[in-house]
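**Student:** Structure in structure tokens, see below.
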Amino acid sequence: MMHSLQVPCTKENLKEIRYFVEGALSRYNLSANDTNLMILAIDELCANLIIHSHQCNQDECIEVKVKNEDQTFIFEIHDQSNDSFNLLEYKIPDIQQIINEKRNGSMGLILVKRIMDDIEVERNDGHNICRLYKSLPQGSC
Amino acid sequence: MELKVSNEEKFHIIQIIGDLDASSSILLDNALEEAITTNTKSILIDCAELHYISSPGIGAFTSRLEECIEKNIIMVLFGLNDKIVNVFRILGLDQLIVIKISKDDAKDYINDAQFTSALH
Numbered sequence: 116m117m118h119s120l121q122v123p124c125t126k127e128n129l130k131e132i133r134y135f136v137e138g139a140l141s142r143y144n145l146s147a148n149d150t151n152l153m154i155l156a157i158d159e160l161c162a163n164l165i166i167h168s169h170q171c172n173q174d175e176c177i178e179v180k181v182k183n184e185d186q187t188f189i190f191e192i193h194d195q196s197n198d199s200f201n202l203l204e205y206k207i208p209d210i211q212q213i214i215n216e217k218r219n220g221s222m223g224l225i226l227v228k229r230i231m232d233d234i235e236v237e238r239n240d241g242h243n244i245c246r247l248y249k250s251l252p253q254g255s256c
Numbered sequence: 075m076e077l078k079v080s081n082e083e084k085f086h087i088i089q090i091i092g093d094l095d096a097s098s099s100i101l102l103d104n105a106l107e108e109a110i111t112t113n114t115k116s117i118l119i120d121c122a123e124l125h126y127i128s129s130p131g132i133g134a135f136t137s138r139l140e141e142c143i144e145k146n147i148i149m150v151l152f153g154l155n156d157k158i159v160n161v162f163r164i165l166g167l168d169q170l171i172v173i174k175i176s177k178d179d180a181k182d183y184i185n186d187a188q189f190t191s192a193l194h
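Listed below in structure tokens is the structure:
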């Protein structure tokens, strides 16, 4: 079963996205930790898109889809933008360097990469799909 | 998200209530900036009612770490639930940010650190 939510690109809608993902995951027998980490990864990616690709433009939307296939959760984030950022090419920065430089960004995508098992990016005429995979041991989903 | 700021003896305490995410982290950032400018040497962050944290919230702490070291300010987080400790752990920040279980533990840590520092 596929669950889907479309929201305008505002930071205030991140909470709605988190509730949506939590609701979609609630029908599976997951630990609070696993649930929180998947919510966090989707939140981070959506925040990145909303803020950097769409500049919090509420006239633009992103769509989040969640499904489960064979012990694997598959999340899709759809948006329309010409943003050239490619998560697959993103190199994880050194945390100590982030602290030394007093930066308060850069850690969201580290979390996405460390939490998720696999990431795919698809682009087609301005329509972007970021697909995230998370496999959990048998019995937990 | 709501913040409550109070003072107990020498301790400047910031209590975080709710979700700390991209839309609310600016409030914590402002509260930390204000705490640092009060000349306090002891900042306690009460996370017992912190339900969720994402990277902008974590960034509010990490972006102030160096400034705290430069100004001899000790910042300690306490009362975090397991889910939130796990997020800090994934980033390796549990080794760089002081995290204690209770307010008393946090106060003891700061008192010991300041006592040791005064001896040198």
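The listed protein sequences derive, respectively, from chains A and B.
Residues in the first sequence are numbered from 116 upward in steps of one, following our numbering.
Residues in the second sequence are numbered from 75 upward in steps of one, following our numbering.
In this text, a Cβ means the ideal position worked out from N, Cα and C, and glycines have one as well.
It should be emphasised that the depicted structure is a prediction, and the values quoted were computed from it without experimental measurement.
1. Give the secondary structure of A:His-167 by DSSP, where H, G and I count as helix, E and B as strand, and everything else as coil.
2. Taking 8 Å as the CB-CB limit, is A:Gly-311 close to chain B?
3. Measure the alpha-carbon distance for A:Glu-131 versus B:His-194 and round it to whole angstroms.
4. Mind checking whether A:Lys-126 and A:Ile-165 have CB atoms under 8 Å apart?
5. May I ask you to list, following chain order, the residues of the region 152-167 of chain A that have a beta carbon less than 7 Å from some beta carbon of chain B?
6. In this structure, does DSSP put A:Lys-217 in helix, strand or coil?
7. Nearest to B:Asp-93 by CA position, among B:Glu-108, B:Phe-85, B:Ile-164 and B:Glu-76, is which residue?
8. Just how far apart, CA to CA, sit A:Asn-197 and B:Asn-155?
9. So if I threshold CB-CB distances at 9 Å, which residues from the region 226-238 of chain A count as touching chain B?
10. Determine whether the Cβ of A:Ala-139 lies closer than 8 Å to any Cβ atom of chain B.
11. If the criterion is Cβ atoms closer than 8 Å, does the pair B:Lys-174 and B:Asp-120 meet it?
12. Residues in its own chain within less than 8 Å of B:Ile-88 by CB, not counting five upstream and five downstream?
**Tutor:** Concretely, from the data shown:
1. One-based indexing of the first sequence puts residue 167 of chain A at position 52. Three-state DSSP puts A:His-167 in a helix.
2. Because chain A spans 116 through 256 in this model, residue 311 of chain A falls outside it and cannot be assessed.
3. Reading the first sequence from its first residue, position 16 is the one you call residue 131 of chain A. Reading the second sequence from its first residue, position 120 is the one you call residue 194 of chain B. Each residue's Cα considered, the two are about 52 Å apart.
4. As a working note, residue 126 of chain A is residue 11 in the first sequence. As a working note, residue 165 of chain A is residue 50 in the first sequence. Cβ atoms of A:Lys-126 and A:Ile-165: closer than 8 Å.
5. So the close ones are Leu-155, Asp-158, Glu-159, Ala-162 and Ile-166.
6. Start at 1 with the first residue of the first sequence, and residue 217 of chain A comes out as number 102. If DSSP states are grouped into helix, strand and coil, A:Lys-217 belongs with coil.
7. Locating residue 93 of chain B in the second sequence gives position 19, where the first residue counts as 1. Nearest of B:Glu-108, B:Phe-85, B:Ile-164 and B:Glu-76 to B:Asp-93, Cα basis: B:Glu-76.
8. Taking the first sequence and counting its residues from 1, one reaches residue 197 of chain A at position 82. Taking the second sequence and counting its residues from 1, one reaches residue 155 of chain B at position 81. Distance between the alpha carbons of A:Asn-197 and B:Asn-155: 39 Å.
9. Result list: Leu-226, Arg-229 and Ile-230.
10. As a first step, residue 139 of chain A is located in the first sequence; it is residue number 24 there, counting from the start. Contacts with chain B at 8 Å (Cβ-Cβ) do not include A:Ala-139.
11. As a first step, residue 174 of chain B is located in the second sequence; it is residue number 100 there, counting from the start. As a first step, residue 120 of chain B is located in the second sequence; it is residue number 46 there, counting from the start. Their beta carbons are not under 8 Å apart, which means B:Lys-174 does not touch B:Asp-120 by this criterion.
12. Your numbering for residue 88 of chain B matches position 14 in the second sequence. The answer, listed in chain order, is Leu-77, Lys-78, Val-79, Leu-102, Ala-105, Leu-106, Ala-109, Ile-117, Leu-118, Ile-119 and Asp-120.
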